[in-house]
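**Student:**
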Amino acid sequence: MTFEKEFVIKTSAHQELIDITHEVKKIVHESGIKDGFCIIFIPHATAGVILNENADPNIKIDFLNALNKAIPERANYLHDNIDGNAAAHIKSSIVGPSVTIPIKNNQLLLGTWQDIMFCEFDGPRSSRKVTVHIY
Amino acid sequence: MTFEKEFVIKTSAHQELIDITHEVKKIVHESGIKDGFCIIFIPHATAGVILNENADPNIKIDFLNALNKAIPERANYLHDNIDGNAAAHIKSSIVGPSVTIPIKNNQLLLGTWQDIMFCEFDGPRSSRKVTVHIY
Amino acid sequence: MTFEKEFVIKTSAHQELIDITHEVKKIVHESGIKDGFCIIFIPHATAGVILNENADPNIKIDFLNALNKAIPERANYLHDNIDGNAAAHIKSSIVGPSVTIPIKNNQLLLGTWQDIMFCEFDGPRSSRKVTVHIY
């Protein structure tokens, strides 16, 4: 028994973390699947997904700033002759395109301080897909 | 058929890698599951899990030092006004909260030089959970 | 129902990204599995796997260069007294040893710009294994 659903989000900044925990929890509930796991997969090459705390929303800003220092937006990237978004490609590979979360009693087994965050590295975009697969 | 078990570890330094390969292998054995895969999921926002070599334990120190250079412990993070552990949150998102390892003949299909290491980024802590899910 | 297959690649540079999308798609097709997911697992401690765009092959070079700036090849690593490949170990832990991709109608649900790339961080090597597991 498997279940899948996708939803679309609109991003409003060049770089932005968006908390999608609520949307994913609703899909897990809708699936009715009691025990298994959930793959949240982002089908984009300049975005990603992480787990982290959103109780203090400043963590989202700290995360983006720190990543910008480690992987600068401009550094004579070869791909910037074409698209100007090389840094976004690099960040998305480091962060990764998916997270996998165990499910028990139809609940995601997230820790107390873990929220699910979509990572926009090359926005704003009108239509970013988040796909949720439950097995 | 699925199996799950969690165990708790105590960390003794602010930053530390702890080899948990032996504990995870015992759980795989106990599960009796022949073919499938294992998700090691860490339900914390300032810790993580990686695969790497522990034959030379210095790799653990090199890893933590290199990560500290890429993501400095202090950098006027906004979250540090509250908790002082912004760098730990950032590192845990980059490293990731889980690893997934295939299982065959009731054995983890790890490479010769791959060990499983819990990553403490905000210790010491008396009680860090490691959850192991086998499907 | 599960399926697995491994293949070997030869790398020809010290650091190199190699597009393995075609090989993985062939294995998915061969499996005949309609709905499920695919784990591409690299059983090495100085290599990894990412998803990213290969329409512009320069992104591979930009990725390796940016990672080399964030994690320098030489930085008085302790492990370099033994093997000289500490940076490769560190990069492989950051990038990660696997990607998980959902499958529907016997097709990998990759986004338009997502290709699967093996990451060599300590080559050249005559025999790097890529293992593909479909569930």
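Residue numbers (the numbering used here), protein chains in the order written: chain A, 423 to 557; chain B, 423 to 557; chain C, 423 to 557. We treat Cβ as the ideally placed atom computed from N, Cα and C, and that holds for glycine.
In chain order, what residues of the same chain lie with their CB nearer than 6 Å to the CB of A509(A), ignoring the 5 residues before and after it?
**Tutor:** Position 87 of the first sequence, counted from the start, is the residue given in the question as residue 509(A). Around A509(A): I493, E495.
**Student:** Contact defined as beta carbons within less than 8 Å: I believe H511(C) pairs with E475(B). What is the distance between those atoms, to the nearest angstrom?
**Tutor:** On the third sequence, residue 511(C) is found 89 positions in, with the first residue counted as 1. On the second sequence, residue 475(B) is found 53 positions in, with the first residue counted as 1. Between E475(B) and H511(C) the Cβ distance is about 6 Å, and since that is below 8 Å, they are a contact.
**Student:** So, using beta-carbon positions, are I538(C) and I462(C) closer together than 8 Å?
**Tutor:** As a first step, residue 538(C) is located in the third sequence; it is residue number 116 there, counting from the start. As a first step, residue 462(C) is located in the third sequence; it is residue number 40 there, counting from the start. Closer than 8 Å, so yes.
**Student:** Quick one: using the 10 Å Cβ neighbour count with 16 as the cut-off for buried, is I504(A) buried or exposed?
**Tutor:** Looking up residue 504(A) in the first sequence gives position 82. Burial call: exposed.
**Student:** Where do the N-terminal and C-terminal ends of the beta strand (DSSP E) with S520(A) fall, by residue?
**Tutor:** Along the first sequence, one-based indexing puts residue 520(A) at 98. Per DSSP, S520(A) belongs to the beta strand (DSSP E) from 520-526.
**Student:** Check whether chain B comes within 8 Å of P546(C), counting only Cβ atoms and requiring the distance to be less than that.
**Tutor:** For the purposes of this step, residue 546(C) is identified with residue 124 of the third sequence, where counting begins at 1. It does not: the Cβ of P546(C) has no partner Cβ on chain B nearer than 8 Å.
**Student:** Just to confirm, is the Cβ distance from T553(B) to E426(B) under 8 Å?
**Tutor:** Taking the second sequence and counting its residues from 1, one reaches residue 553(B) at position 131. Taking the second sequence and counting its residues from 1, one reaches residue 426(B) at position 4. Taking 8 Å as the Cβ cut-off, T553(B) and E426(B) qualify as a contacting pair.
**Student:** Quick one, are the C-beta atoms of I481(C) and F540(C) less than 8 Å apart?
**Tutor:** In the third sequence, residue 481(C) corresponds to position 59, counting from 1. In the third sequence, residue 540(C) corresponds to position 118, counting from 1. No, the pair does not count as a contact, with Cβ atoms beyond the cut-off.
**Student:** Could you tell me whether any Cβ in chain A is nearer than 8 Å to the Cβ of T433(B)?
**Tutor:** Your numbering for residue 433(B) matches position 11 in the second sequence. Not closer than 8 Å to any Cβ of chain A, the Cβ of T433(B) fails to qualify, so no.
**Student:** Between I525(B) and the ligand GDP, is there a pair consisting of the residue's CB and a ligand heavy atom that are separated by less than 7 Å?
**Tutor:** Among the ligands in the structure shown, none appear at all, so the ligand GDP cannot be discussed.
**Student:** Since Q529(C) sits in a beta bridge, which residues does DSSP pair it with?
**Tutor:** Working through the third sequence from its first residue, we reach residue 529(C) at position 107. Paired residue(s): K526(C).
**Student:** Give, in chain order, every residue of the stretch 451-463 of chain A whose Cβ lies closer than 7 Å to some Cβ of chain B.
**Tutor:** Residues passing the 7 Å Cβ filter: D457, F459.
**Student:** Looking at C-alpha atoms only, which residue of K432(A), M423(A), T424(A) is the closest neighbour of S549(A)?
**Tutor:** Position 127 of the first sequence holds residue 549(A). Checked all of K432(A), M423(A), T424(A); the closest Cα to S549(A) is K432(A).
**Student:** Comparing the C-beta of L531(A) with each C-beta of chain B, is any distance below 8 Å?
**Tutor:** By one-based count along the first sequence, residue 531(A) stands at place 109. Yes - at least one Cβ of chain B is within 8 Å of the one on L531(A).
**Student:** Once the 5 residues before and after N528(B) are set aside, which same chain residues still bring their CB inside 6 Å of it?
**Tutor:** The count along the second sequence starts at 1 and reaches residue 528(B) at position 106. Result list for N528(B): K456, in chain order.
**Student:** Candidates K447(B), G458(B), F485(B): which alpha carbon is nearest M423(B)'s?
**Tutor:** Position 1 of the second sequence, counted from the first residue, corresponds to residue 423(B). M423(B) has its Cα closest to that of G458(B), out of K447(B), G458(B), F485(B).
**Student:** Taking the DSSP output, what are the residues bridged to K427(C)?
**Tutor:** Looking up residue 427(C) in the third sequence gives position 5. DSSP, once it has assigned bridges, lists V554(C) as partnering K427(C).
**Student:** Would you call N498(B) buried or exposed, if buried means 16 or more other Cβ atoms sit within 10 Å of its Cβ?
**Tutor:** In the second sequence, residue 498(B) corresponds to position 76, counting from 1. By the 10 Å Cβ count, N498(B) comes out exposed.
**Student:** Using the Cα positions of A467(B) and D544(C), report the straight-line distance between them to the nearest angstrom.
**Tutor:** Here residue 467(B) refers to the residue found at position 45 when the second sequence is read from its first residue. Here residue 544(C) refers to the residue found at position 122 when the third sequence is read from its first residue. Taking the straight line from one Cα to the other gives about 31 Å.
**Student:** Against chain B, with Cβ distances strictly below 8 Å, would L500(C) count as a contact?
**Tutor:** In the third sequence, residue 500(C) corresponds to position 78, counting from 1. For L500(C), the answer is yes, since a Cβ of chain B falls inside 8 Å of its Cβ.
**Student:** Would D441(A) and H501(B) qualify as a contact pair, given that the criterion is a beta-carbon distance under 8 Å?
**Tutor:** By 1-based counting over the first sequence, the position of residue 441(A) is 19. By 1-based counting over the second sequence, the position of residue 501(B) is 79. Cβ distance not < 8 Å, so D441(A) and H501(B) don't count as in contact.
**Student:** To the nearest whole angstrom, what separates the beta carbons of V450(C) and L530(C), a pair I think is in contact under 8 Å?
**Tutor:** As a first step, residue 450(C) is located in the third sequence; it is residue number 28 there, counting from the start. As a first step, residue 530(C) is located in the third sequence; it is residue number 108 there, counting from the start. Contact holds; Cβ gap of about 6 Å.
**Student:** Taking CB distances under 8 Å as the criterion, tell me whether T534(B) reaches chain A.
**Tutor:** For the purposes of this step, residue 534(B) is taken as the residue at position 112 of the second sequence. Output row for T534(B): interface = no.
**Student:** Does the CB of A477(B) have a neighbour CB from chain A at under 8 Å?
**Tutor:** Residue numbering aside, residue 477(B) sits at position 55 when the second sequence is read from its first letter. Chain A, which has no Cβ nearer than 8 Å to the Cβ of A477(B), makes this no.
**Student:** Distance cutoff 8 Å, beta carbons only. Does G524(B) sit that close to anything in chain C?
**Tutor:** For the purposes of this step, residue 524(B) is identified with residue 102 of the second sequence, where counting begins at 1. Here the sequence assigns Pro to residue 524(B), which means Gly is not the residue at that position. True, the Cβ-Cβ gap to chain C drops below 8 Å.
**Student:** Who are N474(B)'s beta bridge partners in DSSP?
**Tutor:** Residue 474(B) sits at position 52 when you count from the first residue of the second sequence. Paired residues: D537(B).
**Student:** Have a look at Y557(C), K551(C), H436(C) and flag the residue whose alpha-carbon is nearest the alpha-carbon of N487(C).
**Tutor:** Taking the first residue of the third sequence as position 1, residue 487(C) is located at position 65. If we check each option's Cα against that of N487(C), H436(C) comes out closest.
**Student:** Identify whether I580(A) lies in helix, strand or coil by the three-state DSSP scheme.
**Tutor:** Past the edges of chain A, shown from 423 to 557, lies residue 580(A), and the structure says nothing about it.
**Student:** If we cut at 8 Å on Cβ distances, does N474(B) have a partner in chain C?
**Tutor:** Walking along the second sequence from the start, residue 474(B) turns up at place 52. Output row for N474(B): interface = yes.
**Student:** Going along the chain, which unbroken runs of the alpha helix (DSSP H) with 4 or more residues stay wholly within the stretch 487-514 of chain C?
**Tutor:** List check, alpha helix (DSSP H) in window: nothing returned.
**Student:** Examine chain B for any beta-carbon lying closer than 8 Å to the beta-carbon of F543(A), and answer yes or no.
**Tutor:** Looking up residue 543(A) in the first sequence gives position 121. Output row for F543(A): interface = no.
**Student:** Comparing C-alpha positions only, which one of Q536(A), K526(A), P524(A), S520(A) sits nearest to P524(C)?
**Tutor:** Counting from 1 along the third sequence, the entry for residue 524(C) is found at position 102. Of the candidates Q536(A), K526(A), P524(A), S520(A), the one whose C-alpha sits nearest the C-alpha of P524(C) is S520(A).
**Student:** Just how far apart, CA to CA, sit S453(A) and I472(C)?
**Tutor:** For this step, residue 453(A) is matched to residue 31 along the first sequence. For this step, residue 472(C) is matched to residue 50 along the third sequence. Going by the C-alpha atoms only, they are around 29 Å apart.
**Student:** Throw me the rounded Cβ distance for the S514(B) and G470(B) pair, which I believe falls under 8 Å.
**Tutor:** The count along the second sequence starts at 1 and reaches residue 514(B) at position 92. The count along the second sequence starts at 1 and reaches residue 470(B) at position 48. Yes, they are in contact, since the Cβ atoms of S514(B) and G470(B) sit about 5 Å apart, within 8 Å.
**Student:** Cβ of T443(A) within 8 Å of Cβ of T522(C)?
**Tutor:** As a first step, residue 443(A) is located in the first sequence; it is residue number 21 there, counting from the start. As a first step, residue 522(C) is located in the third sequence; it is residue number 100 there, counting from the start. Cβ distance not < 8 Å, so T443(A) and T522(C) don't count as in contact.
**Student:** How many angstroms separate the CA atom of K551(B) from the CA atom of T534(B)?
**Tutor:** In the second sequence, the residue the question calls residue 551(B) occupies position 129. In the second sequence, the residue the question calls residue 534(B) occupies position 112. When rounded, the distance between both Cα atoms is 26 Å.
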